[in-house]
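Residue 186 is where the sequence shown starts when you use the working numbering, and the numbers rise one by one after that. Please read the structure below before turning to the comments.
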Amino acid sequence: NAANSFNSELSPFLAWSQTSTYGPISLLFFRLSALAIPLSPVLGVYVFKLFCLLFHIFNTYLIWRLLNAHKYRSKVTAAYLINPLLLNEQVISAHVDVFVTTTLIIAIGCLYYKRYVAAILAIFTGFLAKTLPIIWLPLVVNFLVRRH
């Protein structure tokens, strides 16, 4: 079946005719958001935006924790939190890249603290949200080989 052969209450909101590149983590949040559709399709969209907002706030917390002793901790954290591009793309437009950003921040933290297996698992988790993080794997493996 073609991806565009499926129709639902959300079909009027869709302008994408390709197969999804989203993995099971993103699909889980889509499914949870879809539970609100019987009340209103628009409510379903806003439930997903709420998930994105919560992840954006969680990412801010992760950055705050990673920059524990950095003198620009507050400024860098605030720059992430109120960045208009990130707010527009990750929260207002509700792109699943906010989930991918979470895994990137976690992977960077794991690399910094030399938890290399956890860094690879974070990248794999990012892949389960969207296929894009698979391109990080060769970069991290190269980093680890050079570090060894």
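Note that the Cβ used here is the ideal one computed from N, Cα and C, for glycine as well.
| Item | Value |
| --- | --- |
| From this set, THR316, VAL330, VAL325, which residue's C-alpha is nearest THR206's C-alpha? | THR316 |
| Can you give the Cα-Cα distance for LEU228 and ALA221, rounded to whole angstroms? | 6 Å |
| Spell out the partners DSSP gives LYS315 in its beta bridges. | TYR207 |
| What residues in its chain sit with their C-beta under 6 Å from that of TRP249, if we drop five residues either side in the sequence? | THR262 |
| Could you check how far apart the C-beta atoms of SER211 and VAL283 are, in whole angstroms? I think they sit under 8 Å. | About 10 Å separates the two Cβ atoms, so there is no contact after all. |
| Distance, Cα to Cα, VAL230 vs ILE320? | 29 Å |
| Considering only the alpha carbon of each residue, which of LEU329, VAL330, ARG331, ALA304 lies closest to PRO318? | ALA304 |
| Please report the distance separating the alpha-carbon of LEU235 from that of THR287. | 15 Å |
| Report the residue ranges of all beta strand (DSSP E) runs contained in full by the stretch 216-297; include only those spanning at least 3 residues, in chain order. | none |
| Can you check whether the CB of VAL276 is closer than 7 Å to the CB of LEU238? | yes |
| Give me the Cα-Cα distance between LYS348 and GLU194, rounded to the nearest whole angstrom. | Here the chain has residues from 186 to 333 only, and residue 348 is not among them. |
| How long is the line joining the alpha carbons of TYR301 and ILE290, rounded to whole angstroms? | 14 Å |
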